[in-house]
Amino acid sequence: MQRRALPLVCASLLAARLQPAAAAPAVLRVLAWPGYAEPEVVQAFEQQHGAHVELTLIDTDEALWQKLSQREGADFDVLALNTVELRRAQQAGLLRALEPARIPALGRQLPRFQRRSSIPGLELKQGGRTELYGVPYTYAEMGLIYDRRRLPEAPTSINVLWEPRWRGKVLAYNGGSHNFTLAAQTLGLPAPFRLQAGDWPRAVERLIALRRNVLGFYSQPEESVRLFQRHGAALMFANYGTQQLQLLRQAGANVGYAIPREGALAWLDCWALTRQCRETALAHAWIDHVLGDQASQLLVQRQGLANTVSESIGSPGAAKLVWLEPVEDVARRETLWARIRSGDRAERVLSP
């Protein structure tokens with residue numbers, strides 16, 4: 222019996238069903254801060270790798286930690302976090318080790334960032350070998366911003382914030398963790414991130430003295446610019462470094478920037494892989510991509526931040542940067558700072 226031929230339309234439909242469906246593009250889930258993955262950077266990556274980037278932005282360490290710890294990081298492949306949070310995530314088992322051979326751009330980084338053992342938190346020794354967990358991406362040193370009209374010469378010491386002649390003309394950051402480290406630094410304590418029992422009274426007294434000298438405290442960069450201009454500040458401890466400097470200059474302020482001789486506290490944000498990363502090859506490719514010229518230059522131009530592949534104008538040099546480390550007791554620092562800000566005397570600040 223002769224088999225009848227299928228109509229052309231039916232045959233075409235059948236053939237289409239038998240063809241394998243086109244594979245959907247891989248999705249890379251990125252968790253980052255604003256400005257770390259600009260639209261054109263994402264677009265270039267997607268075009269080069271035929272993938273889709275699903276970008277989630279955060280604006281505080283608390284928000285970052287909440288998203289990372291939820292479902293043990295299963296919602297993300299790659300993220301940007303500072304060295305303190307990097308170590309916290311390591312200890313919680315939320316990260317996986319990187320494969321440096323998959324990131325050729327590591328060789329483009331400045332020498333001080335290639336000396337990874339000198340930056341706490343980037344590497345971890347396990348089973349007799351050293352594994353890399355974080356790739357430096359951007360940083361900012363916490364220097365001093367000053368009004369050039371009142372200070373013709375750049376201040377040379379962090380102690381200028383305490384000088385009586387600037388009483389009521391100083392802006393400081395509203396954060397207990399950093400401020401206790403700053404106080405310890407001015408006191409010459411050997412371990413500013415790990416205060417000992419006998420260090421607390423001296424640090425508290427030092428911060429009470431700072432409170433008496435300041436006109437106000439700020440939390441965000443934009444807020445600091447408004448306060449600086451509205452109240453005619455002469456000096457500011459720049460928790461956000463050159464980012465604040467750029468904002469002030471854009472607002473028309475005649476300000477300078479200085480790194481004190483004691484060294485500047487500095488935060489360093491790094492790229493890392495989550496333990497449950499689904500797209501390992503793509504995640505390594507992302508880190509390699511953002512170490513390129515496009516993303517690195519946009520960090521400087523748009524965010525006023527430094528990158529790790531080229532020297533920024535006026536870069537302080539590695540010897541004067543003190544990378545942030547985990548502190549001995551965040552909760553205690555913040556509790557005592559709240560008491561200091563409220564105007565309590567030293568004995569009341571330190572009372573149980």
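Residue numbers (the numbering used here): 222 to 573. Glycine is no exception: its CB is placed at the ideal position from the N, C-alpha and C atoms. Only a predicted model underlies this, so the values are computations on that prediction, with no experimental measurement involved.
For the stretch 453–520, the continuous alpha helix (DSSP H) assignments of 4+ residues that do not extend past its boundaries occur at 463–471 and 501–511, in sequence order. Looking at the DSSP output, P357 sits in a beta bridge with C491. Linking A375 to A479 through their CA atoms gives a straight-line distance of about 6 Å. For V570, the enclosing alpha helix (DSSP H) begins and ends at A567 to V570. Between the beta-carbon of L327 and that of S290 there is about 28 Å, and that puts the pair past the 8 Å contact cut. In the three-state reduction of the DSSP assignment, T351 falls in the strand class, which pools E and B. For S338 and V570, the gap between their C-alpha atoms comes out near 38 Å.
Per DSSP, the continuous alpha helix (DSSP H) segment holding W558 begins and ends at V551 to R562. For the set D509, Q524, L557 and A527, the Cα lying nearest the Cα of P325 is the one of D509.
Under the three-state reduction of DSSP, W254 is assigned to coil, being neither helix nor strand.
Below 8 Å, enough C-beta pairs join the stretch 480–498 and the stretch 353–363 to call them touching: three or more. Using a Cβ distance threshold of 8 Å, A455 and W387 count as a contacting pair. With 16 or more other Cβ atoms inside 10 Å of its own Cβ, E306 counts as buried.
In the structure shown, the three-state DSSP call for R317 is strand.
Counted as a single uninterrupted DSSP element, the stretch harbouring F297 is not any alpha helix (DSSP H), since DSSP gives it neither H nor E. Nearest neighbour of E344 by Cα position, chosen from P321, Q330, L331 and G364, turns out to be P321. Spatial neighbours of P413 in its own chain (CB-CB distance under 6 Å, excluding positions within 5 residues in sequence) are listed in chain order as T402, A405 and Q406.
In this structure, DSSP gives G437 an extended state, which the three-state scheme calls strand. Counting only runs of 3 or more residues that sit fully inside the stretch 389–423, the beta strand (DSSP E) segments are 391–394, in chain order.
Judged by beta-carbon spacing, D298 lies within the 8 Å limit of R250, meaning their Cβ atoms are closer than that value. From the listed residues L466, A272, T281 and H270, the smallest Cα separation to P255 is found for T281. Straight-line spacing of the CA atoms in G477 and D368 works out to 7 Å.
Apart from sequence neighbours up to five positions away, the residues of its chain that approach A472 with a beta-carbon distance below 7 Å are V446 and Q450, ordered along the chain. Remark: C-beta atoms of L542 and N303 do not approach each other more closely than 8 Å. The residues Q330, L331, F334, P357, Y358, T359, Y360, L512 and S517, in chain order, have a CB closer than 8 Å to that of T529 in the same chain once the five nearest residues on each side in sequence are set aside.
L343 carries a coil assignment under DSSP once its states are collapsed to helix, strand and coil.
Residue environment analysis places D514 among the exposed positions, since fewer than 16 neighbouring C-beta atoms fall within 10 angstroms of its C-beta.
Of the candidates Q311, V248 and I379, the residue whose Cα lies closest to the Cα of T495 is Q311. In this structure E267 is in contact with V274, their Cβ atoms being roughly 6 Å apart against a cut-off of 8 Å.
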